[in-house]
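J.: Sharing a structure below in structure tokens format, with a few things to ask.
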Amino acid sequence: MMSSASGFGKALVIITGASKGFGRALALSIAPRLAAGSALILAARSDDLLQQLKADLSRAHPALTLRCAAADLSCQAGVESVIAAITHSDPDIEHLLLFNNAASLGDVSRFCGDFTDVDEVNSYLSLNVSSALCVTAGVLRAVPRRSGLTRVVVNISSLCALRPFPSWVLYCSGKAARDMMFRVLAEEEPELRVLNYAPGPLDTDMQRQARSSSADDALRSSFSVMHAQGQLLTCDQSISKLMQVLLEDKYTSGAHLDFYDL
Amino acid sequence: MWGFTGGFEVSMHDCRRDVSQSAQSFEKRAEMHEMHSFLSESLDIKRHTLLRCINTQHPASLKAASPQHPNMENEISPEPRDLGRALCIITGASKGFGRTLAFQLSCLLKPRSVLMLVARSAEQLNQLKEDIITLYGGQNKLDIRCVQADLEKKEGVEKTVQAAKETSVSELDHILLINNAASLGDVSRFALTFTDPAEVNRYLSLNVSGALSLTAGVLQAFPHRLSLRRSVVNISSLCALKPFPSWVLYCTGKAARDMMFRVLAEEEPDVRVLSYAPGPLDTDMQLQARRFSGDLQLRRSFSSMFSEGQLLSCETSGAKLMKLLQDNDFQSGAHLDFYEL
């Protein structure tokens, strides 16, 4: 059976951006660590991809309740549909885990001086900053604090939250904003377990975008080199470290932990 | 208070506190009264003292303003190491720190510079413009333009960029943009109450997007060329670095801005980028902080800062920013705090 060291027991898990990349891999990795009767909520824009993932998961883990929330998190209705997906879930859980993973790179083919359109920047921040705050607030209100329940909020962060990269103003600003947001949350809610996890350079569609589109030549070529020399991480490699950190549960709430620190 | 024009009152109030903080002789109430009557004698003397207050941190101005050398020309003309013949844009200029910066920068700009004051309140901007003109005895050495704009809205940002574009660049040697406009957000509430993306989006629109798009627009309007200095200041905060309970929007916005301007500094080595954290200023924003902060401990510490006279005057903090801009040796993209300097 599942020991507490390797699993989260009976849990409610929510993953945004679950349709592909890191989010999808996370869903597949965490499912075996959940006790029967757990619920896994998968949110993303693409209903097709979500249903596919749900089908794959339910075959392997028939004891899990799986729900899809096809939603555009950059708008109110999207945020609400994620919250709606978790109501009526079994309240008798020992773990709540929210993975704020949905994100976009933004247009990395352009520099700061090109972002003259406020609407574009607002749209970016809406998905990458506002929705993370609102989904988190909504989920934590829907599943309030109680004894015997450990509530965990993970922000999928990045080195970009800490260091500036040329031609990446939206992504860096959004990640910096998110890290701070979750640090404030950690300050306000001492019983919450809040983690800013920077997964390292993952071999995903986002990475492909980075190496093909980044306007800054030096950056673009270092991404290409990483790819060519097999230095990119698989999502599973990074997730296994994340799982370890979460299960050990020794991190300081609000901390920024990078794959390469662990 | 003493028959000044409305615009001077706030500055003089700040100035008075500033002078007392410099451990001058105006600390005691009796001496304050003396100062009041001294100041009410003539416009020239008012202007003299105001200038002295504004430049209180600047050694050259103290020398120039000493009683032995009441040479008005020296005091009004730009200080050595001035900021050139500039287009200087200040957002959030109608009150608080922005307003003080308008006065202080006006002392450092060469004649025929353009001082562009941006805020939502046309009335307050016009008053500020009048006060600055009065300061120079009606000699319009500066071209002061008021731009009434709400930088939370796209139209506001575009209007400001357009106003900047209408400035003739041929004689200018410096473009200086001070991104000062900001809001605290609702600090009475905690992170878990922010369930409405529209509210968070509106906040970020003013405090993050607006600053980026305005900066982008201005830099596009005045592209790199030799002999044109371009400087961008981000009025930052300790909140960009440290989380404060019940301040999620403000901290998040300031963290985003700092990073934004760091990326800009990486991308544009010829643009001088500075994130300046001014310290706890005695302004309306501070009043909001100590009245409304949801976190009790935080609210108490703001109140005691206020009651124990630990708040900074805008002039004191502004003077440090002036020095940074004049020295111009800060590392581009750096976050510098009043208390570190």
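Protein sequence lines correspond, in order, to chains X and H. Counting along the first sequence from 1, when you hit position 150 you're at 149 in numbering that gives the first Met the number 0, and nothing is skipped either side. Counting along the second sequence from 1, when you hit position 169 you're at 168 in numbering that gives the first Met the number 0, and nothing is skipped either side. Here a beta-carbon is modelled for each residue, glycine too, at the ideal position from N, C-alpha and C.
(1) Rounding to the nearest angstrom, what Cα-Cα distance links H/R179 and H/K128 in this structure?
(2) Which residues in chain X have a C-beta closer than 9 Å to the C-beta of H/T159? List them in chain order.
(3) Establish whether the CB of X/L261 and some CB of chain H are separated by less than 8 Å.
(4) Pick from X/L191, X/I155, X/D55, X/L232: whose alpha carbon is nearest that of X/A175?
(5) Under 8 Å between the Cβ atoms of H/V207 and H/G155?
(6) Cβ atoms of H/D336 and H/L237: under 8 Å apart, would you say?
(7) Identify the continuous beta strand (DSSP E) that holds X/T15 and give its terminal residues.
(8) Please list, in chain order, all residues of the same chain as X/S5 whose beta carbon is under 8 Å from its beta carbon, the five residues on each side excluded.
(9) On the DSSP bridge list, what partners appear for X/F98?
(10) Please say whether H/S105 and H/L141 have beta carbons closer to each other than 8 Å?
(11) Buried or exposed: H/E267, going by 16 or more other Cβ atoms within 10 Å of its Cβ?
(12) Excluding the 5 residues flanking X/R162 on each side, which residues of the same chain have their C-beta closer than 8 Å to its C-beta?
(13) Give the interface partners of X/S130 over in chain H, defined as CB-CB distance under 8 Å, in chain order.
(14) Which partner residues of H/H173 appear in the DSSP bridge assignment?
(15) Should X/D204 go down as buried or exposed, given a rule of 16 or more other Cβ atoms within 10 Å for buried?
(16) Find out if the Cβ-Cβ distance for the pair X/Y250, X/L184 is shorter than 8 Å.
(17) Three-state secondary structure (DSSP) at X/D178?
(18) Taking the alpha carbon of X/D106 as the reference point, which residue from X/D116, X/F98, X/N99, X/D47 has its own alpha carbon closest?
(19) Taking 8 Å as the threshold (beta carbon to beta carbon), is X/D186 in contact with chain H?
(20) With DSSP run on the structure shown, which of helix, strand or coil describes H/P69?
(21) Output, in chain order, the set of chain X residues within a Cβ distance shorter than 8 Å of H/G216.
(22) Evaluate H/H223 with the Cβ neighbour count: other Cβ atoms within 10 Å of its Cβ, from every protein chain shown; 16 or more gives buried, anything less gives exposed.
(23) Let me know if H/N233 comes out buried or exposed under the rule of 16 or more other beta-carbons within 10 Å of its beta-carbon.
(24) Let me make sure I understand the geometry here. Which of X/S129, X/Y123, X/G77 has the alpha-carbon closest to that of H/V199?
(25) For chain X, is any of its Cβ atoms less than 8 Å away from the one on H/G308?
(26) Under 8 Å by Cβ, that's how I've got H/M259 and X/V168 pegged, so tell me the actual separation to the nearest angstrom.
(27) For the alpha helix (DSSP H) that contains X/D216, what are its first and last residues?
(28) So, are the CB atoms of X/G280 and X/S239 less than 8 Å apart?
(29) Can a CB atom of chain H be found closer than 8 Å to the CB of X/L11?
(30) Using the rule of at least 16 other Cβ atoms within 10 Å of the residue's Cβ for burial, across every protein chain shown, is X/H255 buried or exposed?
(31) Run the CB neighbour count on H/D269, radius 10 Å, all protein chains shown included, and call it buried at 16 or more, exposed below.
(32) Please name the residue, chosen from H/A210, H/E314, H/R299, that lies closest to X/N121 on a Cα-to-Cα basis.
(33) Apart from the five residues on each side of it in sequence, which residues of its chain come closer than 8 Å, Cβ to Cβ, to X/G20?
(34) Per DSSP, what kind of secondary structure is X/I92 in: helix, strand or coil?
(35) Please tell me whether H/Y275 and H/S235 are closer than 8 Å, where the distance is taken between their beta carbons.
(36) Could you check the C-alpha separation between X/I29 and X/L104 for me, to the nearest Å?
T.: Let me lay it out:
(1) Within the second sequence, numbered from 1, the residue matching residue 179 of chain H stands at position 180. Within the second sequence, numbered from 1, the residue matching residue 128 of chain H stands at position 129. It is Asn, not Arg, that sits at residue 179 of chain H in the sequence shown. In a straight line, the C-alpha of H/N179 is about 18 Å away from that of H/K128.
(2) In the second sequence, residue 159 of chain H corresponds to position 160, counting from 1. Correct list: empty, because the minimum Cβ distance to chain X is about 11 Å.
(3) Mapped onto the first sequence, residue 261 of chain X falls at position 262. Not an interface residue.
(4) The residue labelled residue 175 of chain X in the question sits at position 176 within the first sequence. Nearest option by C-alpha distance: X/I155.
(5) Position 208 of the second sequence holds residue 207 of chain H. Position 156 of the second sequence holds residue 155 of chain H. Contact flag unset, no.
(6) Position 238 of the second sequence holds residue 237 of chain H. Position 337 of the second sequence holds residue 336 of chain H. In this structure, H/D336 lies closer than 8 Å to H/L237 by Cβ.
(7) By 1-based counting over the first sequence, the position of residue 15 of chain X is 16. Note, X/T15: beta strand (DSSP E), 10 to 15.
(8) The count along the first sequence starts at 1 and reaches residue 5 of chain X at position 6. Answer for X/S5: R32, L246, listed in chain order.
(9) By one-based count along the first sequence, residue 98 of chain X stands at place 99. According to DSSP, X/F98 bridges with X/I14, X/V153.
(10) The residue labelled residue 141 of chain H in the question sits at position 142 within the second sequence. The residue labelled residue 105 of chain H in the question sits at position 106 within the second sequence. A contact, by the Cβ cut-off of 8 Å.
(11) By 1-based counting over the second sequence, the position of residue 267 of chain H is 268. Flag for H/E267 reads buried.
(12) Position 163 of the first sequence, counting from 1, holds the residue named residue 162 of chain X. C171, listed in sequence order.
(13) Sequence index remark: in the first sequence, residue 130 of chain X carries index 131 (1-based). Residues of chain H passing the Cβ test: P196.
(14) As a first step, residue 173 of chain H must be located in the second sequence, where it is residue number 174. Paired residues: H/A85, H/R228.
(15) By 1-based counting over the first sequence, the position of residue 204 of chain X is 205. Its Cβ having fewer than 16 others within 10 Å, X/D204 is exposed.
(16) Here residue 250 of chain X corresponds to residue number 251 of the first sequence, with the count starting at 1. Here residue 184 of chain X corresponds to residue number 185 of the first sequence, with the count starting at 1. No, the Cβ-Cβ distance between X/Y250 and X/L184 is not below 8 Å.
(17) The count along the first sequence starts at 1 and reaches residue 178 of chain X at position 179. Three-state DSSP puts X/D178 in a helix.
(18) Taking the first sequence and counting its residues from 1, one reaches residue 106 of chain X at position 107. If we check each option's Cα against that of X/D106, X/D116 comes out closest.
(19) As a first step, residue 186 of chain X is located in the first sequence; it is residue number 187 there, counting from the start. In the sequence under discussion, the amino acid at residue 186 of chain X is Glu, which differs from the Asp named in the question. Yes, X/E186 lies at the interface with chain H (some Cβ there is under 8 Å from its Cβ).
(20) What you label residue 69 of chain H is simply residue 70 of the second sequence in a count that begins at 1. The predicted position of H/P69 is uncertain, since its pLDDT is 45 and thus under 50; no value can be drawn from it.
(21) As a working note, residue 216 of chain H is residue 217 in the second sequence. Result: T115.
(22) Walking along the second sequence from the start, residue 223 of chain H turns up at place 224. Exposed.
(23) Here residue 233 of chain H is taken as the residue at index 234 of the second sequence, counted from 1. With 16 or more other Cβ atoms within 10 Å, it is buried.
(24) Here residue 199 of chain H refers to the residue found at position 200 when the second sequence is read from its first residue. Taking only the C-alpha atoms, the option nearest H/V199 is X/S129.
(25) Against the second sequence, residue 308 of chain H aligns to sequence position 309. Taking 8 Å as the threshold, the shortest C-beta distance from H/G308 to chain X does not fall below it.
(26) On the second sequence, position 260 is the one that residue 259 of chain H refers to. On the first sequence, position 169 is the one that residue 168 of chain X refers to. Yes, they are in contact, since the Cβ atoms of H/M259 and X/V168 sit about 6 Å apart, within 8 Å.
(27) Locating residue 216 of chain X in the first sequence gives position 217, counting from the first residue. Unbroken alpha helix (DSSP H) run through X/D216: 216 to 227.
(28) Any property of residue 280 of chain X remains undetermined from this structure, which presents chain X solely from 0 to 261.
(29) Here residue 11 of chain X corresponds to residue number 12 of the first sequence, with the count starting at 1. By this cut-off, X/L11 is not an interface position.
(30) Here the question's residue 255 of chain X lines up with position 256 in the first sequence. When all chains shown are included, X/H255 counts as buried.
(31) Residue 269 of chain H sits at position 270 when you count from the first residue of the second sequence. Under this definition H/D269 is an exposed residue.
(32) For the purposes of this step, residue 121 of chain X is taken as the residue at position 122 of the first sequence. The option with the nearest alpha carbon to X/N121 is H/A210.
(33) The count along the first sequence starts at 1 and reaches residue 20 of chain X at position 21. Around X/G20: L201, T203, D204, M205, C234.
(34) In the first sequence, the residue the question calls residue 92 of chain X occupies position 93. Three-state DSSP puts X/I92 in coil, outside helix and strand.
(35) The sequence position of residue 275 of chain H within the second sequence is 276, counting from 1. The sequence position of residue 235 of chain H within the second sequence is 236, counting from 1. Yes, the pair counts as a contact, with Cβ atoms nearer than the cut-off.
(36) Reading the first sequence from its first residue, position 30 is the one you call residue 29 of chain X. Reading the first sequence from its first residue, position 105 is the one you call residue 104 of chain X. Each residue's alpha carbon lies about 25 Å from the other.
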